[in-house]
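Structure record follows, encoded as structure tokens.
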Amino acid sequence: MRPILMKGHERPLTFLKYNRDGDLLFSCAKDHNPTVWFADNGERLGTYRGHNGAVWCCDVSRDSTRLITGSADQTAKLWNVQTGQQLFTFNFDSPARSVDFSVGDKLAVITTDPFMELTSALHVKRIARDISDQTAESLLVLKGPQGRINRALWGPLNKTIISGGEDAIIRIWDSETGKLLKESDKESGHKKTITSLVRSVDGSHFLTGSLDKSAKLWDTRTLTLIKTYVTERPVNAVAMSPLLDHVVIGGGQDASAVTTTDHRAGKFEAKFFDKILQEEIGGVKGHFGPINALAFNPDGKRLVCKCNILRYYDRFIQVKFLQMHVAIVQLPFPIELPLFACVCYLCSDLRHYLCEFYLCCPLLCISSHLHYLQLYRATTIHEFDFFSYSPISTLVCTVVKSMTICPSFCTAAAPSPLLFAAIVFNLLLLGL
7 MRPILMKGHE RPLTFLKYNR DGDLLFSCAK DHNPTVWFAD NGERLGTYRG HNGAVWCCDV
67 SRDSTRLITG SADQTAKLWN VQTGQQLFTF NFDSPARSVD FSVGDKLAVI TTDPFMELTS
127 ALHVKRIARD ISDQTAESLL VLKGPQGRIN RALWGPLNKT IISGGEDAII RIWDSETGKL
187 LKESDKESGH KKTITSLVRS VDGSHFLTGS LDKSAKLWDT RTLTLIKTYV TERPVNAVAM
247 SPLLDHVVIG GGQDASAVTT TDHRAGKFEA KFFDKILQEE IGGVKGHFGP INALAFNPDG
307 KRLVCKCNIL RYYDRFIQVK FLQMHVAIVQ LPFPIELPLF ACVCYLCSDL RHYLCEFYLC
367 CPLLCISSHL HYLQLYRATT IHEFDFFSYS PISTLVCTVV KSMTICPSFC TAAAPSPLLF
427 AAIVFNLLLL GL
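Residue numbers for the sequence shown follow my numbering, beginning at 7 and rising by one.
Spelled out as structure tokens, the structure:
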């Protein structure tokens, strides 16, 4: 399935952010102009003009009314999302690298780079509901390490701030006192610059990516290392699916260091990993430069990758990766007739069966396995959404007395009504 290409920026992109509802996508770039897109079709809705330097990061409020951006022009700005009006400017003595709204949007943390004799710092700002009451005063300023802080996020209940950067150490700070609470262990932690940091939907854990060719999953409260995902390329961006146990890693060798015209030499694909098993389960190819940012839509069915052009994967990701795991859990289907028809799709790269039901009976629940499917009686009723797609190959399931469904291959690219009728007829003969 082809991605949607979204063109609009004149220079390389730096950051991506969805709003909470998932209908708007915000992008930052070195062309000074943050841009908002309509997430469903990639339509460009507008730009926010006012910065005089590269825009490194952005965040949007939970009600999608305000946008905050951090820029190399040594400012962070508040914007009206709908009108593009510049509401307020926070001025600093060095470039603003990272911005993040707190839960409730009453606070924002802004990180600034080391510059001249200044070290990196984290600034906590109050965000006024009425913009006329907004001030530039910092509620708290935390002196950071000598290196740059690439990302900073709020922890659970806004009680902590999590940061990571050039020194490869993750730090957790008390957001009220500024006290350093925890640091990641140097032995188990990253060995090179931390480039990306994202938290889970529930805030219980977060994911980091590093130039040491790995991504790591951490416990938010204890800073305990949970999982490590190893790849063969420097990691510039990471993302976690809000729907499934998927981790996506993007990066690649710097474009200036690739000495061949073959894009595969730079290893620019986005890689999918199973969050629990730490195994690579797939990838998205097609990029001709390092992937610098990734973002999942809050619905978990869409992914945006960026190098110099936004690539918006909708149906491809939904079908080939995301919908697969929805299908392999036990799914009860309501029908009051002792009949059902089941067609299974074999997704070869993921080594799992993908099931779709057309005539479903009341009480049947399918659970999938690598080599067989088993049939169970179910009493719980759930809804199931159908998606149209072309399977890699088709498996026709027949039922035997032992209640085990044994797949047999069919060469048809898509099942036909006659095939369904044949399946139902066979089931009737079996007395189901």
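Ideal placement from N, C-alpha and C gives every residue a C-beta, glycine not left out.
In three-state terms, what does DSSP make of residue i?
{"i": "N298", "result": "coil"}
{"i": "N303", "result": "coil"}
{"i": "L356", "result": "With a pLDDT of only 33 at L356, under the threshold of 50, the placement of this residue in the model should not be trusted; the figure read from the coordinates follows. Coil at L356, not helix or strand."}
{"i": "N242", "result": "strand"}
{"i": "S138", "result": "helix"}
{"i": "T20", "result": "strand"}
{"i": "N164", "result": "helix"}
{"i": "I133", "result": "coil"}
{"i": "V115", "result": "strand"}
{"i": "M409", "result": "Here the model assigns M409 a pLDDT of 30, short of 50, so the residue's position is not dependable, and the following value carries that caveat. M409: coil per DSSP, three-state reduction."}
{"i": "K281", "result": "coil"}
{"i": "G170", "result": "strand"}
{"i": "H252", "result": "strand"}
{"i": "T183", "result": "coil"}
{"i": "T228", "result": "coil"}
{"i": "H211", "result": "strand"}
{"i": "F121", "result": "strand"}
{"i": "R157", "result": "strand"}
{"i": "L217", "result": "coil"}
{"i": "K222", "result": "strand"}
Between which two residues does the beta strand (DSSP E) harbouring residue i extend?
{"i": "Q92", "result": "92-97"}
{"i": "G289", "result": "286-290"}
{"i": "T201", "result": "200-205"}
{"i": "L11", "result": "10-12"}
{"i": "K233", "result": "231-236"}
{"i": "S77", "result": "72-77"}
{"i": "A102", "result": "102-107"}
{"i": "R50", "result": "50-53"}
{"i": "D65", "result": "61-66"}
{"i": "N86", "result": "81-86"}
{"i": "L30", "result": "30-35"}
{"i": "F44", "result": "41-44"}
Using a threshold of 8 angstroms, state whether the C-beta atoms of residue i and residue j are closer than that.
{"i": "A174", "j": "I133", "result": "no"}
{"i": "S220", "j": "I155", "result": "no"}
{"i": "Q92", "j": "K83", "result": "yes"}
{"i": "L159", "j": "A127", "result": "no"}
{"i": "A301", "j": "L22", "result": "yes"}
{"i": "W179", "j": "S169", "result": "yes"}
{"i": "D69", "j": "F107", "result": "no"}
{"i": "I255", "j": "W224", "result": "no"}
{"i": "A276", "j": "V290", "result": "yes"}
{"i": "G184", "j": "L146", "result": "yes"}
{"i": "E29", "j": "D46", "result": "Correcting the residue identity first, residue 29 is Asp in this sequence and not Glu. Yes. Within cutoff."}
{"i": "G306", "j": "L213", "result": "no"}
{"i": "A243", "j": "I297", "result": "yes"}
{"i": "P304", "j": "Y24", "result": "yes"}
Per DSSP, which residues does residue i bridge with? Please list them.
{"i": "L148", "result": "L128"}
{"i": "E189", "result": "R177"}
Q) Is the region 16-23 touching the region 51-58 in the sense that three or more CB pairs, one from each, lie closer than 8 angstroms? A) Flag = no, the region 51-58 and the region 16-23 do not touch.
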